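Read through the structure below, which is laid out as structure tokens, and then see the notes.
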Amino acid sequence: MKSFSGKASLMATLVAALVGASSAQAAEIKIGVVLPLSGALSGYGQPSQKGLDIIQAITPTLKNGDTIKLIVIDDKSDKVEAANAMQRLVSSDKVDAVIGEVTSSNTLAMTKIADDSKTPLVSSTATNDRVTRNHPYVSRVCFSDSFRGGRGQSGLPRSESQNRRHRV
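Counted the way mature numbering (1 follows the signal peptide of the UniProt record, and there is no 0) counts, the sequence shown spans residues -26 to -1, 1 to 142.
Right, dumping it as structure tokens:
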């Protein structure tokens, strides 16, 4: 259930960001989704897809009448496929934003395209610090590696003597 709440947060963030761009007439908001639905990383992509399907079923229409259309592409757990999918979404499909990828390496392959096209790219689990560094159109909804390995663990014991004091 924990992973679903992360995906729910991701979708809610995108929906909230796009609601402000609404017009007087109902519109279709196109959101691209790049996930590893096949290949070695499909165990991450398939549950993400199910979470997005549930959220779209729960909220098919926004309060202002706009609808969200998800355009899902399987990157086959491959960096080159992820970059190609991002390029297709911004060039051919003309999406308003992209949800993707669940791995840092595949997300990194997509960042330059997001920045060049000025298309927001959001990842739920890409933790590598380079994913968002110097990429104004890329964001994440999880902690970065430096946070998890640095400040996030600052309260943990640093030596065996400290560890003994903290044992239960």
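The C-beta atom is built at its ideal place from N, Cα and C for all residues, glycine as well. Fair warning: this is a prediction, and the values are worked out from it, not measured in the lab.
Query: Entirely enclosed beta strand (DSSP E) segments - the region 62 to 100, minimum 3 residues; Result: 71 to 74 and 95 to 97
Query: CA-to-CA distance, N58 to S65, given in whole angstroms; Result: 10 Å
Query: Candidates A88, D40 and K68, of which the one nearest H109 by Cα; Result: A88
Query: Separation of I42 from V72, as counted between CA atoms; Result: 12 Å
Query: Span of the alpha helix (DSSP H), counted from its first residue to its last, around D27; Result: S16 to I32
Query: Spatial neighbours of K(-25) in its chain, beta-carbon cut-off 8 Å, leaving aside the 5 residues before and after; Result: At K(-25), the pLDDT of 47 sits below 50, so the modelled position is not reliable; the number obtained from the coordinates is stated separately. Taken in chain order, the list of residues that qualify is empty.
Query: Option nearest A14 by Cα separation, candidates K53, L26 and A(-1); Result: K53
Query: Nearest to N10 (by Cα), restricted to the options S22, I3 and S120; Result: Note that residue 10 is Pro in the sequence shown here, rather than Asn. Closest option to P10, Cα to Cα, is S22.
Query: Cβ pair A56, D67 closer than 8 Å; Result: no
Query: For K92 and E75, the rounded distance between their alpha carbons; Result: 17 Å
Query: Residues bridged to K50 [DSSP beta-bridge criterion]; Result: Beta-bridge pairing links K50 to no other residue.
Query: DSSP bridge partner residues for S120 (one or two, in chain order); Result: S120 pairs with nothing; no bridge assigned.
Query: CB of L44 within 8 Å of CB of V7, strictly; Result: yes
Query: Cβ distance (whole Å) where S120 is taken to contact D103 below 8 Å; Result: 5 Å
Query: Buried or exposed (CB count within 10 angstroms, at least 16 for buried), V96; Result: buried
Query: Neighbour-count burial assignment, G17, 16 or more Cβ in a 10 Å radius; Result: exposed
Query: For G19, the nearest candidate out of I47, I32, I5 and P34 (CA to CA); Result: I47
Query: Beta-carbon proximity of V115 to T85, cut-off 8 Å; Result: no
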